[in-house]
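Residue numbers (the working numbering): 2 to 334. Glycine included, each C-beta is placed from N, C-alpha and C at the ideal position. Remember, it's a predicted structure, so these values are computed and weren't measured experimentally. Have a look at the structure below, then the notes.
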């Protein structure tokens, strides 16, 4: 039996995370744009370019900030922040604003905009919005369809997976996109499953050389979770035993050791708190497919990683504008 997790998402934590997100999704500055300027007229403020997702320091963090708010609203509809979340979503997640976000993608210089991390999070946001009876999903649908089509065009030409533990990671994007596609897009579902196997099925004896100095994803464990989502349980167990053959002996030890964060005011180094959360998320999410001894080890590792970073979800804006999302993934897994 998998041990009960020592940390869980409860109403008090949900209220705290909601207030954090409400404090940044409409905060325009400071802001880091993913924006190619082809002519002088392209020099514009974030809110002019992106009428919804102009906050949270960057576009993708704003997208998953809204995902976090809608997720918390659904899970905990009676928290004190619920009315503010609904009010904000009603004001921002409108057809007119979403179509303006969609129009930005038609710029010739926007072909690679937010690929693939922002693409995947937008699909996740649309999927979460669809679980609410408020019209938000209808408003976001054209934008979601545009990013789904980008995945359909991009994955066939992505010859090799991107394994780095940052925004470019292929496995992480496939996990989020698959969850959206399974309910809506059979062609994208089939493509994600096929490409994940193309990219990762032959991987053996992962050395666990992580984390890198600015990573927020565990390249090894995110890959494992991706394969957990695309393979039947029995096939996954066979694959996982070959991928990490020495796990029962605690090797590679790096996968069980939380990252040390030396400076949380440095935006890149602050990624390492997210790395600890992503490790916890992955360990928890694959534990049910492992034999009991390995499952227990995985859950202990998840708890250890959560404990290393839960106290630092807020405090410095370099982490505060995004870490609650990844803490929520870990706490929900």
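Can you say whether residue 170 is buried or exposed, counting buried as having 16 or more other CB atoms within 10 angstroms of its CB? Looking at its Cβ environment, which holds 16 or more other Cβ atoms inside 10 Å, residue 170 is buried.
Backbone secondary structure at residue 165 - three-state DSSP: Secondary structure of residue 165 (DSSP, three-state): coil.
Can the beta-carbon of residue 123 be found closer than 8 Å to that of residue 37? By the CB criterion at 8 Å, residue 123 and residue 37 fall outside the cutoff.
Less than 8 Å between the C-beta atoms of residue 1 and residue 306, yes or no? Because the chain in this structure spans residues 2 to 334, residue 1 falls outside the shown range and cannot be described.
To the nearest whole angstrom, what separates the beta carbons of residue 141 and residue 130, a pair I think is in contact under 8 Å? Indeed they touch by this definition, with Cβ atoms about 6 Å apart.
Taking C-alpha atoms, which residue in 275, 290, 281, 267 lies nearest to residue 240? When each option's Cα is compared against that of residue 240, the closest is 290.
Got a sec: does the ligand GDP put a non-hydrogen atom nearer than 7 Å to the Cβ of residue 129? The ligand GDP is absent from the structure shown, which contains no ligands of any kind.
Three-pair Cβ contact test at 8 Å for the segment 174-181 versus the segment 204-215: The segment 174-181 is not in contact with the segment 204-215.
Among 24, 91, 213, nearest to residue 261 - alpha-carbon criterion: Relative to the Cα of residue 261, the nearest Cα in the group 24, 91, 213 belongs to 213.
If we ignore side chains and look at the alpha-carbon of each, how far apart do residue 9 and residue 279 end up? Going by the C-alpha atoms only, they are around 15 Å apart.
Helix, strand or coil for residue 29, going by three-state DSSP, please let me know. Of the three classes helix, strand and coil, the one that applies to residue 29 here is coil, per DSSP.
Span of the alpha helix (DSSP H) holding residue 57? Following the DSSP letters along the chain, one finds residue 57 in no alpha helix (DSSP H), marked with neither H nor E.
Classify residue 86 as helix, strand or coil using the three-state DSSP reduction. When DSSP states are grouped into helix, strand and coil, residue 86 belongs to the helix group.
Is residue 256 closer than 8 Å to residue 316 when the C-beta atoms are compared? In terms of Cβ geometry, residue 316 and residue 256 do not form a close pair [threshold 8 Å].
Cβ distance (whole Å) where residue 147 is taken to contact residue 106 below 8 Å: That pair is a contact at about 6 Å.
Cα-Cα separation, residue 293 to residue 199: Taking the straight line joining both Cα atoms gives about 29 Å.
Could you check where the alpha helix (DSSP H) with residue 170 kicks off and where it finishes? That residue, residue 170, is in no alpha helix (DSSP H); it is neither H nor E in DSSP.
Can you tell which of 19, 297, 323, 276 has its C-alpha closest to the C-alpha of residue 309? Distance check between residue 309 and each of 19, 297, 323, 276 places 276 closest, using alpha-carbon atoms only.
Rounded separation between residue 31 and residue 234 - CA only: For the pair residue 31 and residue 234, the Cα-to-Cα distance works out to about 45 Å.
Flag this pair as touching only if the segment 188-196 and the segment 236-250 have three or more C-beta atom pairs under 8 Å; answer yes or no. The segment 188-196 vs the segment 236-250: no contact.
Own chain, CB closer than 6 Å to residue 117, minus 5 neighbours either side, in chain order: The residues 174, in chain order, have a CB closer than 6 Å to that of residue 117 in the same chain once the five nearest residues on each side in sequence are set aside.
Do residue 155 and residue 35 come within 8 Å of each other at the CB atom, strictly closer than that value? No.
Under 8 Å Cβ to Cβ from residue 330, same chain only, skipping five residues before and after it: list those, please. If you ignore the 5 residues before and after residue 330, its C-beta comes within less than 8 Å of the C-beta of 278, 279, 282, all in its own chain and listed in chain order.
Taking the alpha carbon of residue 258 as the reference point, which residue from 183, 211, 102 has its own alpha carbon closest? With distances taken between Cα atoms, residue 258 lies closest to 211.
Relative to the C-alpha of residue 201, which candidate in 217, 230, 187, 67 has its C-alpha closest? Of the listed residues, the one whose Cα sits closest to residue 201 is 230.
Would you kindly work out how many angstroms separate the C-alpha atoms of residue 102 and residue 136, rounded to a whole number? Between residue 102 and residue 136, the C-alpha separation is close to 17 Å.
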